[in-house]
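full-length UniProt numbering numbers the first residue of the sequence shown as 1 and each following residue consecutively. Built from N, CA and C at the ideal position, the CB exists for glycine as well. One structure below.
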Amino acid sequence: MKKEKNGTNRAIIAGLGFAFQIFWILSGVYALNIWYPKLDIVLRVLSILLIFRILGKHTNSAIKIPWIIGILVAPVAGLILYALLGSRFTSISIRRRFKYIYGMADGVLQRDRELMSRLKNIDPDVYGHVNYIDKFGNYPAYSNNDVVYFSEASDAIEKLKEELENAQKFIFMEYHAIEDAGSFRAIEDILKRKADEGLDIRVIYDDVGSLGFVDRPFSKRLNKEGIKCRVFNPVIPIVNIFMNNRDHRKITVIDGKVGFTGGYNIADEYFNIVNPFGYWKDTGIMIKGRSVDNLTMIFLEMWHAMRRNKSERESLENLINQYDMCNISYDVLNEKDLLEDDIEDKLVDTKGEDKIVDTKGEDKIVDTKGEPIDTQDKTVAIENKESSVTKSKNKLRILQPFAENPLYEEQVAENVYLNLAKTSNDYLYITTPYLIIDDIMRDELTLAAKRGVDVRIITPGIPDKKIIYAITRSNYANLARNGVKIYEYSPGFVHAKQHISDDKCGVIGTINMDYRSLYLHFENGVYIYDEDLVKEMRIDMENMFAQSEDVTSKYSGRRSMRTRIWHGVLRFISPLL
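Below you can see the structure in the form of structure tokens.
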């Protein structure tokens with residue numbers, strides 16, 4: 001009898017619950033029938049307003065059109081998806097914070113006007129590249145640098161650990177992804193020891209980039225070890241429109257004198273410890289010299305922007321002064337690149353009359369009267385004694401680290417790539433994991449090929465994301481039919497992001513050839529004007545060509561109607577991903 005009673009009670013409860021659910025469903029349907037006409041009007045008005053806003057944005061039409069069509073066809077879904085995936089909306093406080101930070105940083109980094117003047121005479125095209133980054137990115141160019149190119153990320157991380165061991169004052173690390181595994185743990189041990197020695201250790205990582213690599217307690221663990229850690233734009237359960245902008249940068253700065261950057265994050269797959277996508281090809285550089293100031297500033301700007309509460313507030317001005325970024329002594333005449341390359345050059349004043357003389361085995365700079373010139377004057381111009389421009393052009397070495405901020409309308413990274421394509425005369429070689437480009441980039445690449453420039457692009461042979469790979473391949477045909485050569489890296493996944501041109505200039509860094517890198521992410525790169533370095537990069541890329549499949553002819557032929565429609569759909573949705 002008791003069992004029957006309990007069973008009856010459960011049936012009654014279940015029945016009441018079912019009836020309650022039916023009641024709410026019917027009530028919802030009834031309310032929707034009443035309010036739908038008004039709701040429909042509101043949604044249509046919002047859709048029209050959003051469409052006008054999209055049309056008024058200073059961005060590419062290839063990005064605007066899919067969103068406009070999507071919002072017109074499905075207003076509710078379109079509005080939500082645009083807010084989550086396509087918008088660069090940010091709160092007023094966030095924009096004000098970045099505006100304040102860049103206002104504080106403006107003018108802090110020293111400009112070498114004499115260098116710019118000399119560069120303008122030597123190579124007007126390169127001057128245009130450098131001047132654009134300086135004016136619109138706010139990061140100057142410097143010639144006082146040593147640089148090492150790493151054709152493999154595994155070599156880069158070994159050198160990174162070596163330099164970390166030599167740190168004396170501070171270590172800054174900012175990465176899109178950090179994995180709590182072997183590669184980072186070896187670095188963490190060094191950071192922990194250095195923190196115990198009293199060094200200032202700071203780490204930034206992106207929360208989305210590190211999903212699946214670290215757990216929630218990870219940042220707390222680092223802080224307990226004396227490693228100041230901030231997580232960029234943490235994922236939270238409620239909608240945050242700023243979630244769409246990620247920190248895709250990869251930077252390490254040591255004592256303001258040594259800097260590392262490139263395509264690799266700090267995770268095992270980047271160093272081929274594990275191989276989920278075949279052989280992982282990544283590259284990077286190490287910089288020693290004045291250009292490291294730019295990397296230090298990029299890190300400090302982001303660190304300052306990420307403060308969340310009063311306890312984390314630090315004056316950017318105090319940080320700049322604390323790390324003495326622009327007062328580190330880089331004597332022009334003692335820099336290795338100038339000593340080795342220009343030891344036979346003469347230093348000239350505006351009349352071309354100064355020279356180097358040897359006195360008791362020691363080089364000194366004197367004028368025509370034998371009076372020494374102040375070597376701390378960094379406005380002294382350097383010119384080759386034999387002639388001039390040809391040899392001098394080959395000697396000048398410039399590095400210009402820069403950053404991309406998606407909160408501003410100027411697409412610095414995209415324009416740097418476009419400028420390289422516009423001014424290439426002999427060749428333009430590109431490596432990118434993703435090739436998802438708009439009409440403007442496609443037209444510049446194909447126009448360069450039509451001018452007779454050898455334009456080659458290397459993409460992965462084994463993808464990490466199948467849908468993105470399909471979109472990448474959908475862009476091949478228009479390029480291949482217009483003279484651009486496409487290679488797929490047979491051993492595995494190419495993650496390196498670099499452009500080189502004419503054995504003289506290029507870019508290396510974190511910037512993919514896709515919409516997210518060019519429009520939505522915080523990125524960094526290094527503009528290079530250094531023939532020796534670019535030639536070294538070219539040799540590496542030629543080795544990659546030899547290991548890759550040339551798929552140009554495969555994609556330059558006639559395609560079926562089905563393929564053309566499918567590729568059109570993929571390119572249509574590509575700005576949404």
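Pick from the options: whose alpha carbon is nearest that of residue i?
| i | options | result |
| --- | --- | --- |
| ALA449 | ASN482, LYS224 and THR431 | ASN482 |
| HIS499 | PHE232, GLY263 and LYS554 | GLY263 |
| LYS192 | ILE565, LYS161 and TYR205 | LYS161 |
| PHE493 | TYR270, SER424, ASP439 and PHE572 | TYR270 |
| LYS135 | VAL147, PHE150 and ARG111 | ARG111 |
| ARG96 | ALA477, PRO433 and LEU407 | LEU407 |
| ASP454 | GLY461, HIS129 and LEU479 | LEU479 |
| ILE178 | ILE528, ASP207 and ASP200 | ASP207 |
| PRO75 | TYR102, LEU46 and VAL231 | LEU46 |
| LYS422 | PRO433, ILE436, ARG230 and ARG442 | ARG442 |
| LEU447 | LYS228, PRO463, ARG307 and TYR427 | TYR427 |
| ASN405 | ASN419, ASN245 and GLU444 | ASN245 |
| ILE187 | LYS169, ILE227, ASN131 and LEU72 | ILE227 |
| ASN233 | TYR175, ASP255 and TYR279 | TYR175 |
| GLY568 | ARG113, ASP155 and ASP438 | ASP438 |
| SER107 | ASN138, TYR489, PHE98 and TYR555 | A quick correction: the sequence has Gly, not Ser, at residue 107. Comparing Cα-Cα distances from GLY107 to each of ASN138, TYR489, PHE98 and TYR555, the minimum goes to ASN138. |
| PHE572 | TRP24, ILE51, ARG113 and ILE65 | ILE65 |
| TYR205 | VAL526, PHE218, LYS194 and TRP566 | PHE218 |
| GLY212 | LEU199, ASP180 and LYS220 | ASP180 |
| GLY557 | TYR476, ILE190 and VAL42 | TYR476 |
| LYS466 | ILE565, PRO433, VAL526 and GLU158 | PRO433 |
| GLU488 | PHE545, ARG451, ARG538 and MET513 | PHE545 |
| LEU418 | LEU72, GLU444 and VAL130 | GLU444 |
Helix, strand or coil, according to DSSP, for residue i in the structure here?
| i | result |
| --- | --- |
| SER501 | strand |
| TYR279 | strand |
| GLU536 | helix |
| ASP146 | strand |
| ASP550 | strand |
| ASN6 | Low confidence applies here, because ASN6 scores a pLDDT of 48, under 50, leaving its location unreliable; read the following figure in that light. Correct three-state label for ASN6: helix. |
| MET286 | strand |
| VAL526 | strand |
| LEU435 | strand |
| THR375 | Model confidence at THR375 stands at a pLDDT of 34, short of 50, so the residue's coordinates are unreliable and nothing is read from them. |
| ILE457 | strand |
| ILE227 | coil |
| ASP40 | helix |
| GLY259 | strand |
| VAL569 | helix |
| ASP134 | helix |
| ILE356 | Interpretation of ILE356 is limited by its pLDDT of 34, a score under 50 that renders its predicted location unreliable; the figure taken from the coordinates is listed afterwards. Note: ILE356 maps to strand in three-state DSSP. |
| ASP247 | strand |
| VAL253 | strand |
| ILE273 | coil |
| LEU339 | The pLDDT assigned to LEU339 is 31, lower than 50, so where the model puts this residue is not dependable; a value taken from the coordinates is nonetheless given after this. LEU339 falls in the helix class under three-state DSSP. |
| THR350 | Its pLDDT being 33, under 50, THR350 is placed unreliably in this model, and the coordinates cannot settle the point. |
Can you give the beta carbon distance from residue i to residue j, rounded, assuming they're within the 8 Å contact cut?
| i | j | result |
| --- | --- | --- |
| LYS281 | THR510 | LYS281 to THR510, Cβ: 15 Å. No contact. |
| HIS248 | HIS521 | 4 Å |
| ASP268 | SER151 | ASP268 to SER151, Cβ: 19 Å. No contact. |
| SER560 | GLY461 | So it is not a contact: roughly 24 Å between Cβ atoms. |
| ILE285 | VAL147 | 6 Å |
CB-CB under 6 Å to residue i, same chain, minus the five flanking residues each way: which ones, in chain order?
| i | result |
| --- | --- |
| ALA403 | ILE298 and ASN524 |
| GLY259 | VAL253, ILE287, VAL292 and LEU295 |
| TYR127 | LEU119 and LYS120 |
| ALA153 | TYR264, TYR270, PHE271 and ASP282 |
| GLU536 | TYR149 |
| GLU410 | PHE136 |
| TYR529 | VAL126, ILE398 and CYS505 |
| residue 588 | It is not possible to answer for residue 588, since the shown part of the chain is limited to 1 through 577. |
| MET173 | VAL203 and THR252 |
Which residues in the same chain have their Cβ closer than 7 Å to the Cβ of residue i, if we skip the five residues on either side of it in sequence?
| i | result |
| --- | --- |
| ASN327 | Its pLDDT being 46, under 50, ASN327 is placed unreliably by the model, and nothing is read from it. |
| ALA496 | GLY263, LYS281, ASP282, THR283 and THR431 |
| VAL534 | ILE500, ASP503, LYS504, CYS505, GLY506 and ILE528 |
| LEU222 | VAL203 and CYS229 |
Between residue i and chain B, is the shortest Cβ-Cβ distance under 7 Å, so that the two count as touching?
| i | result |
| --- | --- |
| TYR434 | This model lacks chain B altogether; it includes just one protein chain. |
Please work out which residues of its chain come closer than 8 Å, Cβ to Cβ, to residue i, disregarding the five sequence neighbours upstream and downstream, and give them in chain order.
| i | result |
| --- | --- |
| ASP540 | TYR149, SER151 and THR283 |
| LEU115 | ALA141, TYR142, SER143 and ILE398 |
| PRO276 | GLU269 and ASP464 |
| VAL526 | THR261, ILE285, ILE287, SER291, LEU399, GLN400, PRO401, PHE402, VAL507, ILE508 and GLY509 |
| LYS415 | The displayed chain sequence assigns Asn, not Lys, to residue 415. Hits under 8 Å: TYR132 and PHE136. |
Which complete beta strand (DSSP E) runs does the region 389-432 hold, if anything under 3 residues is left out? 398-404 and 427-431
What alpha helix (DSSP H) runs, 4 residues minimum, are completely inside the region 153-218? 153-165 and 182-196
Which complete beta strand (DSSP E) runs does the region 461-518 hold, if anything under 3 residues is left out? 485-489, 492-494, 498-501 and 505-509
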